[in-house]
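These protein sequence lines are chains A and L, in that order.
Numbering (our numbering) for the first sequence: 1190 to 1468.
Numbering (our numbering) for the second sequence: 1087 to 1409.
Virtual Cβ for every residue (Gly too), placed ideally from N, Cα, C.
Note that this is a predicted model, so its numbers are computed, not measured.
Data block below; observations after.
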Amino acid sequence: MKKSDLDHIESLAKKMRISAVETGYGAGKNAAHFGGALSAIEILACLYGGIMDVDPKNPDKKPRDIIIMSKAHAVLALYTALAYTGFFPLEDLKTFENDESDLSGHPVMNIQRGIEFSGGSLGMGFSQGVGVALGYRKQKIDNRVFVILGDGELDEGSNWEAAMSAAHFNLGNLIVIVDKNTVQGDGKTDEIMNLGDLAKKFSAFGFETREVDGHNISALYESLSALCTSREEKPKALIAHTVKGKGVSFMENNHIWHHNVMTPQQYEQAMQELGRAVN
Amino acid sequence: MAFNKRDIRTFSMLGIRRSFYFQLTKEAEKNNNIVIICADMFKGNNLEKFQQSHPEQIYNVGIAEQNMIGIAAGMAKVGLNVFAVAFSTFISTRCFDQVRVNLGYMNLPIKLVGRGSGLGNNVAGPTHYAVEDIALLRTIPNMTVVVPADALEAVKIAEAAVNSKNPMYIRLVDAANVPIVYKDDYDFQIGKAEVLQEGTDIAIFAAGTMVNASLKAAKILAEENISVAVVNVHTIKPLDVQTIDKYSAGRKLIVSVEEHGIIGGLGSAIAEHNSEKVSSPPQLKIGIPDAYGKAGSYEYLLDKYGLTAEKICAAIKKKFLEL
């Protein structure tokens, strides 16, 4: 990986984070899922910034890598990644959560905008990823499927059905990334429902597992690249240690920012912290 | 594909479920895109033969219906023609949200195939009955819901399902040696109800196993000079409202008969439609009552719930004479 490529992803992540906060603020009283989007920014910046085989000019190209945003409430990370990598105009982000918008509070399948699956009901994306991986293998397609999971989402038992089956079918083309921000809607994951050691759990289920600082672009890129090029016929899991609400001090590690409305003063402070002065 | 009388007799001996998979296996021979996903039910569905002949087209995901539907969605997303198989009750209730999101909301053309529908799991008891499945699945936008009346119709549905671009629920019963409703091949169309007998006093709208019982009941009533039409409503959704309208009009009574709970099934679908008219005949809803009872043999349960030809006939006659 060249330094210029990493710089490009760093720059992408910075723009996405600012835009995610702006877009969420723009939703006004409709509120937005800030915390879990800001924790996933670097993960999606790496995927869209170089890891994935996708083409914004030809979003339906076949074959291609497929991403499933299972923690679908983190749309501000997904939409900003898609907009800044050219799947749709940046201007469209202003329609976020508007009446009849394509960009609602949870993603709606729309391949022309690069959105592969609809989401919102947690615990479904992992199984869909197993299905894509099995389908690609049957069709002798070498592309990969990436599933973005939340750690809170892993409370849903269907994930563990999917994990068992991914290992059973030796799905080396499936990469799940856990955005382990340690906070869910009601509070700390350790207190609401303790997930234990996720890396050990995924390893025990039969995954090739890695852990990484989910905000360190260089480390993330290296981990994702290593998992993508691994020859092991095992599904891959990347546990990305992240901070919920990353980059905005009053949102960080605070569950009330899982889904909330920003005041103008809070917006101004957030923008200052992100290096963008508000006029 | 055309079928002769010998084929039809063979299907009848195989039963509804085996005939369905017989046809699906034939379809899979010429179409490598067809895949079956099953939740620990190869043996229960006689899918071993399919597994032997098409090992690259069948997947067992273990006892995990929620995961099965998600996997089906992923496979359908990349263009495979997916049939997901489990007991009717588990494929409709256990994974309802997965069905709603993946088949309904995303409109992925997955075919759900339920076995042991209605009271088919008899002595296993109510955990294994599927008497709410039609009610649940027909509430989901985009879904097609079909129920074959006999083994030939199951074969026809298998052919139609392979070629359908819509998500679908196919409700099968298990028994072998099922009565023949269609003695000759016929033109089957999803969404087009079949008038099996004309009649002017009463119209029976029946689905699945109850079509044959309703034909018998109509025959007994004819001997008492009550003229009864019988319509096979094999597609509960989309409902063939033209045929419902035509056979509701001018009748003194309409009757719905189904091996399903009386809430939410065919009877409800017809009542919902007819309720929008200025007038329509009174409707007798024959089905399984809104209660869980004790288990028993299939024949015992059909008799207990009034789903035999004799009891259907008696219920209709009683209602008809009250009018």
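query: Just checking, does the segment 1191-1209 of chain L make contact with the segment 1166-1177 of chain L on the three C-beta pairs under 8 Å criterion?; result: yes
query: Tell me the DSSP secondary structure of Met1258 (chain A) in three-state form.; result: strand
query: Please name the residues in the segment 1309-1342 of chain A whose beta-carbon is closer than 9 Å to at least one beta-carbon of chain L, in chain order.; result: Gly1309, Ser1310, Gly1312, Met1313, Gly1314, Phe1315, Ser1316, Gln1317, Gly1318, Val1319, Gly1320, Val1321, Ala1322, Leu1323, Gly1324, Tyr1325, Lys1327, Gln1328, Ile1330 and Val1334
query: Counting beta carbon pairs with one atom in the segment 1317-1330 of chain A and one in the segment 1359-1366 of chain A, are three or more of them shorter than 8 Å?; result: yes
query: Which word fits Thr1418 (chain A), buried or exposed, when buried means at least 16 other C-beta atoms lie within 10 angstroms of its C-beta?; result: exposed
query: Among all the DSSP beta bridges, which residues are the ones paired with His1430 (chain A)?; result: A:Lys1369 and A:Asp1402
query: Just list the alpha helix (DSSP H) runs in the segment 1237-1308 of chain A, keeping only unbroken ones of 4 residues or longer that don't cross its boundaries, in chain order.; result: 1264-1273
query: What residues match up with Leu1370 (chain L) in a beta bridge as DSSP calls it?; result: L:Val1341
query: Give every residue of the same chain whose Cβ lies closer than 8 Å to the Cβ of Asn1443 (chain A), excluding the five residues on either side of it in the sequence, and list them in chain order.; result: Gly1224, Val1372, Lys1433 and Gly1434
query: Buried or exposed for Phe1406 (chain L), going by 16 or more other Cβ atoms inside 10 Å?; result: buried
query: Closer than 7 Å, CB to CB, is Ile1157 (chain L) near chain A or not?; result: yes
query: Anything in the segment 1344-1372 of chain A with a Cβ closer than 7 Å to a Cβ of chain L? List those residues in chain order, please.; result: Ser1347, Glu1350, Ala1351 and Ser1354
query: Taking Ser1307 (chain A) as the query, report the chain L residues whose CB atoms sit under 9 Å from its CB, ordered along the chain.; result: Val1187, Asn1188, Tyr1191 and Met1192
query: Taking DSSP as the reference, what is the three-state secondary structure of Leu1227 (chain A)?; result: helix
query: Measuring alpha carbon to alpha carbon, tell me which residue in A:Lys1203, A:Glu1397 and A:Ala1226 is nearest Gly1213 (chain A).; result: A:Ala1226
query: If you pair each beta-carbon of the segment 1295-1305 of chain L with each one of the segment 1228-1241 of chain L, do three or more pairs fall below 8 Å?; result: yes
query: On the CB-based measure, 16 or more other CB atoms within 10 Å of its CB, does Glu1397 (chain A) come out buried or exposed?; result: buried
query: Using only the alpha-carbon positions, how far apart do His1357 (chain A) and Lys1425 (chain A) sit?; result: 13 Å
query: What are the boundary residues of the beta strand (DSSP E) that includes Tyr1145 (chain L)?; result: Ile1144 to Asn1146
query: Please state if the CB of Ala1408 (chain A) and the CB of Glu1400 (chain A) are separated by a distance shorter than 7 Å.; result: no
query: Identify which residue in L:Glu1245, L:Asp1271 and L:Gln1369 has its Cα closest to the Cα of Ile1288 (chain L).; result: L:Gln1369
query: Could you pull the start and end residues of the alpha helix (DSSP H) that Ala1257 (chain L) belongs to?; result: Checking the sequence shown, residue 1257 (chain L) turns out to be Arg, not Ala. Looking at the DSSP string, Arg1257 (chain L) is not in any alpha helix (DSSP H); the run it does join, the beta strand (DSSP E), is Met1254 to Arg1257.
query: If distances are taken between C-alpha atoms only, which option among L:Pro1367, L:Val1147 and L:Leu1339 comes closest to Ala1401 (chain L)?; result: L:Leu1339
query: Could you tell me which chain L residues have their CB closer than 8 Å to the CB of Met1298 (chain A), listed as they occur along the chain?; result: Met1192
query: With a threshold of 8 Å, are at least 3 pairs of Cβ atoms found where one atom belongs to the segment 1361-1376 of chain L and the other to the segment 1386-1396 of chain L?; result: yes
query: Return the residue from the list A:Glu1345, A:Glu1342 and A:Val1336 that minimises the CA-CA distance to Leu1360 (chain A).; result: A:Val1336
query: Between the alpha carbons of Cys1399 (chain L) and Ile1306 (chain L), how many angstroms are there, rounded?; result: 7 Å
query: With a threshold of 6 Å on Cβ separation, who are the neighbours of Ala1279 (chain L) within its own chain once the five nearest residues in sequence on each side are excluded?; result: Val1317, Val1319, Asp1326 and Thr1329
query: Return the chain-ordered list of same chain residues with a C-beta closer than 6 Å to the C-beta of Ser1313 (chain L), the five sequence neighbours on each side being excluded.; result: Gly1285, Thr1286 and Asp1287
query: Just to confirm, is the Cβ distance from Leu1352 (chain L) to Ala1293 (chain L) under 7 Å?; result: yes
query: Where Val1210 (chain A) and Val1334 (chain A) are concerned, what is the direct C-alpha to C-alpha distance, given to the nearest angstrom?; result: 28 Å
query: Please confirm whether Ile1300 (chain A) and Leu1413 (chain A) have their CB atoms less than 7 Å apart.; result: no
query: With burial defined as no fewer than 16 other Cβ atoms inside 10 Å of the residue's Cβ, what is the status of Leu1409 (chain L): buried or exposed?; result: exposed
query: Which residues in chain B sit within 7 Å of Val1147 (chain L), going by Cβ to Cβ distance?; result: Considering every chain present, this structure includes no chain B. Its protein chains are A and L.
query: Going by DSSP, what residue range makes up the beta strand (DSSP E) through Asn1298 (chain L)?; result: Looking at the DSSP string, Asn1298 (chain L) is not in any beta strand (DSSP E); the run it does join, the alpha helix (DSSP H), is Met1296 to Glu1309.
query: Can you tell which of L:Arg1257, L:Asn1360 and L:Ala1240 has its C-alpha closest to the C-alpha of Phe1274 (chain L)?; result: L:Ala1240
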